[in-house]
Ligand SMILES: [Zn+2]
């Protein structure tokens with residue numbers, strides 16, 4: 512019997528800011544993770560379309576919650592260029608894929624040249640070609656064997672902090688930033704934006720002030736209870752914000768201030784520094 516169904520897929524994405532306190536040098540640094548989650552549900556014979564859509568969306572959100580709670584990237588500290596212990600396993604699979612790529616490319620190149628030699632042999636049929644073929648195999652099999660040996664060695668005893676420091680330094684500089692430098696760069700950016708606003712219209716057609724977003728970060732652990740935080744506005748004033756327990760990311764708190772004789776509506780947007788639940792801390 513023909514089974515007809517309609518498949519609903521929902522994809523959601525989210526950026527999370529991870530905060531790491533380095534176990535080697537003690538500095539705090541942040542990095543960003545782009546997470547994507549997908550949920551699927553079927554509606555057999557095109558019945559129950561609405562509930563299938565809802566189910567797909569629920570599945571995607573559940574999968575996203577798991578990722579937000581558990582996933583992490585393996586990134587060296589921008590202060591000392593060392594990996595945290597819990598990142599070793601992911602760092603190893605990353606390093607292994609580089610080795611596998613190198614090994615396979617070498618094998619592929621070897622086969623290609625051997626094939627070329629074989630075709631050439633059809634027309635020339637010279638004895639030296641046999642030696643050449645053997646030499647070629649040897650040349651290309653050495654890197655393959657070498658990379659295999661490296662992978663085996665890694666599986667026995669792997670410490671990514673003994674791998675190339677230049678490499679670790681590059682990854683750290685590209686993908687992570689020290690917490691204080693990150694917060695300072697946000698402040699600088701906001702001050703510049705406010706300066707630019709001084710000469711631009713800041714009201715919409717109804718005469719209402721256009722909101723000026725001021726993102727501020729707190730540690731997600733602080734949301735275990737109601738919390739009061741001080742936020743510095745780019746005009747130099749500080750405001751106190753009462754944040755309720757379990758408030759979600761993106762919550763907004765507005766403050767209207769007079770800056771240079773103009774009304775500015777600062778809209779403080781809650782952002783959180785998150786930390787993954789690590790395998791050793793996972794209960795049950
Ligand atoms: Zn460090």
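In this note's numbering, the protein residues as written are 512 to 795. C-beta: ideal position from N, C-alpha, C; glycine also. Source: prediction; values computed, not measured.
Quiz item: Candidates 587, 708, 580, 552: which alpha carbon is nearest residue 570's?
Solution: 552
Self-check item: Separation of residue 556 from residue 788, as counted between CA atoms
Solution: 41 Å
Quiz item: Can you find a heavy atom of ligand 1 that lies under 8 Å from the Cβ of residue 618?
Solution: no
Exercise. Can you grab the Cα-Cα spacing for the pair residue 770 / residue 613, in whole Å?
Key: 59 Å
Quiz item: For ligand 1, is there a heavy atom less than 8 Å away from the beta-carbon of residue 535?
Solution: yes
Exercise. Kindly examine ligand 1 and report whether one of its heavy atoms sits closer than 8 Å to the Cβ of residue 593.
Key: yes
Practice problem: Give the straight-line distance between the Cα atoms of residue 550 and residue 522, rounded to the nearest whole angstrom. | Solution: 7 Å
Practice problem: For residue 538, verify whether its CB is less than 8 Å away from any heavy atom of ligand 3. | Solution: Absent from the structure shown: ligand 3. Ligands present: ligand 1.
Quiz item: Using the rule of at least 16 other Cβ atoms within 10 Å of the residue's Cβ for burial, across every protein chain shown, is residue 785 buried or exposed?
Solution: buried
Quiz item: By Cβ distance, which residues of its chain are closer than 7 Å to residue 746, with the 5 residues on each side in sequence left out?
Solution: 705, 768, 770
Quiz item: Comparing the CB of residue 718 with every heavy atom of ligand 1, is any distance shorter than 8 Å?
Solution: no
Quiz item: Is residue 588 near ligand 1, going by C-beta to nearest heavy atom under 8 Å?
Solution: yes
Quiz item: From residue 733 to residue 600, what distance separates their C-alpha atoms?
Solution: 29 Å
Quiz prompt | Beta carbon of residue 591 nearer than 9 Å to that of residue 538 | solution = yes
Quiz item: Where residue 515 and residue 575 are concerned, what is the direct C-alpha to C-alpha distance, given to the nearest angstrom?
Solution: 29 Å
Practice problem: Classify residue 641 as buried or exposed, calling it buried when 16 or more other Cβ atoms lie within 10 Å of its own Cβ. | Solution: exposed
Quiz item: Between residue 630 and residue 606, what straight-line distance do the alpha-carbon atoms span, to the nearest angstrom?
Solution: 37 Å
Exercise. May I ask you to list the residues that DSSP assigns as paired with residue 657?
Key: BP columns for residue 657 are empty, so no partner.
Quiz item: Looking only at C-alpha atoms, which of 597, 565, 660 sits nearest to residue 532?
Solution: 597
Self-check item: Contacting residues, own chain, Cβ-Cβ under 7 Å from residue 610 (five flanking each side not counted)
Solution: 658, 661, 662
Practice problem: Compare the beta carbon distance of residue 651 and residue 621 with 9 Å and say whether it is the shorter of the two. | Solution: yes
Quiz item: For residue 780, which residues of its own chain have a beta-carbon under 6 Å away from its beta-carbon, when the five flanking residues on both sides are left out?
Solution: 724, 726, 763
Practice problem: On a CA-only basis, which of 527, 548, 525, 519 is nearest residue 564? Give me that one, please. | Solution: 519
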